[in-house]
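Structure first, then comments.
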Amino acid sequence: MGTIFKLITFDHDHKTSFESEPDFYENNKVIVEEVKKLNPKPLPEDAPRSIAEVNNALGLDEILIEGDILMSLEQAKRHFGLAESTNRAKRQAYQPPDYPNNLWFDGVYYIYDPTLNEKAKDAIKRAIAFWKSNTCITFHEVTDPSQAPYDPVLSFFAADGCWSYIGKNEGNRIQRVSIGYGCESIGTAAHEIAHALGFMHEQSRWDRDQFVKIAMGNVKKGQEHNFDKYSKLYNFNYFNQYDFSGIMHYGDKDFAKDRQKPVIYSLKPEYQMSIGGAEIPTYGDIYEMNWLYQCYERCSSSNIVCMNGGVKHPQNCAVCQCPSGFGGTYCSERQPSSPGLTCGGTISALGMWRTLTVKNEVGYGPGLVVDHAYPAHCTWHIKAPKGHRIQFFVSYVGMNARRSLCYHQCYFGGVNIKGLEKTWIPEGMRVCCPAQYNKTLTTESNLLVVQPWNVMEYTNFNLHFRIDDSPLPSTTPPPPLPTPTPEPFTSKQIHDMGKYVVSTYEMTFNDAKTFCAMEGNQLRIQPKKTHNYWIGLRKPQGIRSAYEWIDGSSFDYKNWMKGFPKPSPNEQCVVAIGSSGTKWLGINCYLKMDFVCEKIAAE
């Protein structure tokens, strides 16, 4: 899914560790063997190639970053750690000096270059219509760049390959987005437009390793940097869980030396078929884009309550935008079936096993191929009593033969299952291969969402379910986390500079506050440094409380970055950042940062 990086920063302490191929397969034997059993058929010859495949075939690997990103000179310097900075070389994490001007808050003015063929132009139009209707971002077509009141104008043209810059590059009259030959699909166009709007790739998230393993030994030589991760400090995903199926996630075999083996392995093998292959942005992509552009602030005065991870629609605050599987005004109902289909329903789980058998209902029959971006689909909700979970397993998915739908990424259809995660926002688990059958799994709540889909003929399936004997875990909130004990540091990292004590040893906010107090000092209240430091400003009573200086002094000086502060659980303590003048940014208190102790004047 699309993931967003509000600030384009790169942390080369977060390079993916290299394991030789034998070591990787030995250290991850269980996962590798489970994935090997899937053995899906490759995509058909006439299936569109992935963005990485198109660009690789054109020899663009050494020009583009992560397969489809073109960078300005300054962005490239930051990416490869060559930019001048007051930051310590160890971190090599840089914020773009133009943030937040790298976002299109005044709207996107765009032009179609004559080099585009009609297929590419149609894909771009559909992608723009999608982002426009699902976010608050405005798009304005012009026929000449001089008609646009702002620079740059986004120019869609057909060069070699599919690529884009990241965010708005100010100072240019024209900003190019290439939708060349082989890139003419709504999914590719939506992906490249998302880059231009400020999105980076999902597989480069700072928390990526909590969800996937990268087989670096199977990555083409010289392409290893495509799997670097981004700095935790500036990688804001708005608390959205990693989404294997988001529009910004590459396929599991992209950049592979041996395309018979994946490069990306899900730590949960049941999600392997869900990696990449999105034909259109998912709800998670929409959710993050709306947060990035502050679209949900439009609906701050609306009193409606959205259910199941839904959020008030920025185009109509009287209704909710819903995750897949949910519908209705408040996302409290099932997602409606595709036009003309009557399948779907709500079923109660019992203590004994029950079976949902569906045949020749999900789809439009032989001879009719549906648009891959909008497949035929239906939704079933299986419910257990409150306080209970649901056990389930799939025993068959196909059309007429056992492996008829077992293609890479479940290309022609399958069953999407949601309920295994604690959130409904990301997409679910795709099931289409026999190796996925007869594996009993348990939901996280009393609801199981089952969504079969198909682009040709029908998707038939058998799903078995019952109430899990064990009750749900207690919903009592866990006790507060204890303050971590600071790790040892050396005297070279602590600098007594008279009025101030500067630490280049990173600590969490609470550890830094405690360290200063032990020395009879406090975190500096209003630093003027041009480096990233904790300052003595935080929400003392939880996420809903107001920011206060730690010494209780009057809070009459504010210097927030644009778009901050936000009422979020990840923004409770404040760091001062920036090389062109100190700005404040609310972040998670448990991140580790440098800090400055300010000596308290004797009374």
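Position 105 of the sequence shown, counting from 1, maps to 105 under full-length UniProt numbering, and the rest follow consecutively.
Every residue, glycine too, gets a C-beta built ideally from N, C-alpha and C.
Can you give me the C-alpha to C-alpha distance between residue 196 and residue 163, rounded to a whole angstrom? 9 Å
Comparing alpha-carbon positions, which option in 313, 396 and 279 lies nearest residue 291? 313
Local Cβ density within 10 Å of residue 555, reported as buried at 16 or more and exposed below that: exposed
Go through its chain and collect everything with a Cβ distance to residue 167's Cβ below 6 Å, but skip five positions before and after it. 102 and 198
By a C-beta neighbour count over all protein chains shown, 10 Å radius and 16 as the cutoff for buried, is residue 352 buried or exposed? exposed
Could you tell me which residues DSSP puts in a beta bridge with residue 369? 456
Out of 454, 551, 128 and 396, point me to the one whose CA is closest to residue 437's CA. 396
Identify whether residue 389 lies in helix, strand or coil by the three-state DSSP scheme. strand
So residue 156 is in the beta strand (DSSP E); what residue range does that whole segment cover? 153-157
Just curious, the alpha helix (DSSP H) that residue 283 is in, first and last residue? 283-292
Which residues bound the beta strand (DSSP E) around residue 24? Per DSSP, residue 24 belongs to no beta strand (DSSP E); it is in the alpha helix (DSSP H), 21-27.
Taking the alpha carbon of residue 106 as the reference point, which residue from 152, 564, 145 and 114 has its own alpha carbon closest? 152
Between 586, 71, 502 and 242, which lies nearest to residue 426 when the distance is taken from Cα to Cα? 242
For residue 605, which three-state DSSP category applies? Residue 605 is absent from the model: the chain starts at 1 and stops at 603.
Inter-residue Cα distance where the pair is residue 128 and residue 207: 30 Å
Evaluate residue 446 with the Cβ neighbour count: other Cβ atoms within 10 Å of its Cβ, from every protein chain shown; 16 or more gives buried, anything less gives exposed. buried
Should residue 247 and residue 275 be called a contact, given that it needs their Cβ atoms to be closer than 8 Å? no
Taking Cβ positions, are residue 572 and residue 550 nearer each other than 8 Å? no
How about residue 212 and residue 267: are their beta carbons less than 8 Å apart? yes
Nearest residue (CA-CA) to residue 333, options 316, 354, 339 and 309: 309
Residues in the same chain with beta-carbon distance under 7 Å from residue 423, minus the five sequence neighbours each way, listed in chain order, please. 241 and 309
Within the chosen definition, does the segment 225-234 reach the segment 319-335 through at least 3 CB pairs nearer than 8 Å? no
Could you give the distance in angstroms between the alpha-carbon of residue 146 and the alpha-carbon of residue 371? 37 Å
Looking at C-alpha atoms only, which residue of 358, 408 and 288 is the closest neighbour of residue 137? 288
Which one or two residues does DSSP pair with residue 383 in a beta bridge? 348 and 447
Span separating the alpha-carbon of residue 421 from that of residue 375: 24 Å
Compute the Euclidean distance between the alpha carbons of residue 342 and residue 187, then round it to the nearest angstrom. 28 Å
By Cβ distance below 7 Å, which residues in the same chain neighbour residue 553 in space, the five residues on each side in sequence not counted? 525
Quick check: what's the CA-CA separation for residue 390 versus residue 327? 22 Å
Just the C-alpha distance for residue 108 and residue 383, rounded to the nearest angstrom, thanks. 44 Å
Give the single residue among 584, 538, 598 and 31 whose Cα lies nearest to the Cα of residue 269. 31
Buried or exposed: where does residue 54 fall if 16 or more other Cβ atoms within 10 Å of its Cβ makes it buried? buried
Going by DSSP in three states, residue 122 sits in which element: helix, strand or coil? helix
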